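Residue numbers (my numbering): 48 to 122. All C-beta atoms in this analysis are idealised placements derived from N, C-alpha and C, irrespective of residue type, glycine included. All values reported here derive from a predicted model rather than from experimental measurement. In what follows, a structure is listed as structure tokens, so that the remarks can point back to it.
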Amino acid sequence: MLGELDAVGDVCSRAGCTAEPAWRVNWRNPRIHGIDRVKVWLACDEHRDWFDAYLTNRAFPVVVTPLDVTVERVP
């Protein structure tokens, strides 16, 4: 899980990608985490949909937000 994002040095969480992120992919694994646990992957424009599909296909709740918007819960 990511803490506060650094102003410099953050990159997309997709393996091998070095692009600047524009999105937070907020998610949780409901089998092991309660509703208050939010895990965050950073995504560039190119990989935003890839992360969303990856998590949705595994039946994980996911909420994608702009980089500057945080969420407290993922229902």
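**Message:** On the DSSP bridge list, what partners appear for Arg71?
**Reply:** Leu89 and Thr112
**Request:** Can you have a look at Ala62 and say buried or exposed, based on whether 16 or more other CB atoms are within 10 angstroms of its CB?
**Result:** exposed
**Request:** May I ask which residues mark the beginning and end of the alpha helix (DSSP H) holding Asp96?
**Result:** Arg95 to Asn104
**Request:** Report all residues from its chain with a CB closer than 6 Å to the CB of Leu49; omit the five preceding and five following residues, and keep chain order.
**Result:** Confidence at Leu49 is low in this model, with a pLDDT of 44, below 50, so its placement is unreliable and the value that follows should be read with caution. So the list reads Val87, once near-sequence residues are dropped.
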